[in-house]
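Accompanying notes for the structure given below.
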Amino acid sequence: MTINTRNIILVGPMGAGKTTVGKRIAAVLDKTFIDVDHELEKRTGVSINLIFEIEKETGFRLRETAMLEELLQQDNAVIATGGGIISNEINRGLLKNSDGLVVYLKTEVKHQLKRLKRDKQRPLLQGTGRRERLLNLARIRNPLYDEVADVAFASGRTSSYGMAQKIIGFFNNPDNFKRIKKLCKNN
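The sequence shown begins at 1398 in my numbering and counts up one residue at a time.
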């Protein structure tokens, strides 16, 4: 696989900008953009909320793993994952062993709250206590995002255009891949 056809896989919490940034990266690099959650909805014909309601989080995560396995077989794609994809050990293994560049979009809870203020679609944000739930998820998940990521970028104050440009610049430098592979071998 040449560097130009490698996938870029975006991980991070909900509201980090994975979908928005991913679409921008895909457009500039002429890659296919795939959002794991949207692809699940398209294939099942129902919303993520309904999957959560009927199959609970466990059923949703099984579907998500199968989708991730399939999507990682593709080349030349930008893949935006759901915020909880790293909660499953199998998914973390798939991400760590992929040939693509796994990019962690870091963001603070205050930025998530601002971006998700009107969002009624996220199953884990239903009801009151959003801030506390996001803080708890960050405490649990942030180390897992770090575990799977090849590189991390803070997405809080940077525009989606600026973030896309940073990632594209990193992706287009072959020396970055060599450095990452060397670091992985040494760990």
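Here a beta-carbon is modelled for each residue, glycine too, at the ideal position from N, C-alpha and C. Note that the structure is predicted; figures quoted are calculated from it, not measured.
By how many angstroms is the C-alpha of G1559 removed from the C-alpha of I1565?
Each residue's Cα considered, the two are about 10 angstroms apart.
Pick helix, strand or coil for L1459, following the three-state DSSP scheme.
Helix.
Are there 16 or more other CB atoms within 10 angstroms of the CB of D1427, so buried, or fewer, so exposed?
So D1427 counts as exposed.
If contact is defined by three or more beta carbon pairs under 8 angstroms, each pair taking one atom from either stretch, is the segment 1542-1557 in contact with the segment 1493-1509?
The segment 1493-1509, when compared against the segment 1542-1557, does touch it at the 8 angstroms Cβ threshold.
For I1406, which residues in the same chain have their Cβ closer than 6 angstroms to its Cβ, ignoring the five residues on either side in sequence?
So the list reads I1476, G1497 and V1499, once near-sequence residues are dropped.
Where does D1472 sit, in a helix, a strand or coil, going by DSSP?
If DSSP states are grouped into helix, strand and coil, D1472 belongs with coil.
Quick check: what's the CA-CA separation for K1507 versus K1415?
Distance between the alpha carbons of K1507 and K1415 is about 17 angstroms.
Decide if R1421 is buried, meaning its Cβ has at least 16 other Cβ atoms within 10 Å, or exposed.
Buried.
Just to confirm, is the Cβ distance from I1487 to T1462 under 8 angstroms?
Taking 8 angstroms as the Cβ cut-off, I1487 and T1462 qualify as a contacting pair.
Within a Cβ cutoff of 6 angstroms, which residues of the same chain sit near A1551, ignoring the five residues on either side of it in sequence?
Excluding sequence neighbours, A1551 sits near K1503.
Taking the alpha carbon of M1464 as the point to measure from, which residue in R1527, T1429 and D1434 has its own alpha carbon closest?
Answer by Cα proximity: D1434.
Where does V1418 land, buried or exposed, given buried means 16+ other C-beta within 10 angstroms?
Its Cβ being crowded by 16 or more others within 10 Å, V1418 is buried.
Tell me whether T1429 sits in a helix, a strand or coil according to DSSP, three-state version.
Note: T1429 maps to strand in three-state DSSP.
What did DSSP end up calling V1418 once you bin it into helix, strand or coil?
It is helical.
Since Y1558 sits in a beta bridge, which residues does DSSP pair it with?
Paired residues: none, contrary to the question.
Using a 10 Å radius around the Cβ and a threshold of 16 neighbouring Cβ atoms, would you call A1424 buried or exposed?
Classification of A1424: exposed, given that the 10 Å Cβ count is below 16.
Taking a contact to mean a Cβ-Cβ separation below 8 angstroms, would you say E1454 touches L1491 in this structure?
Not closer than 8 angstroms, so no.
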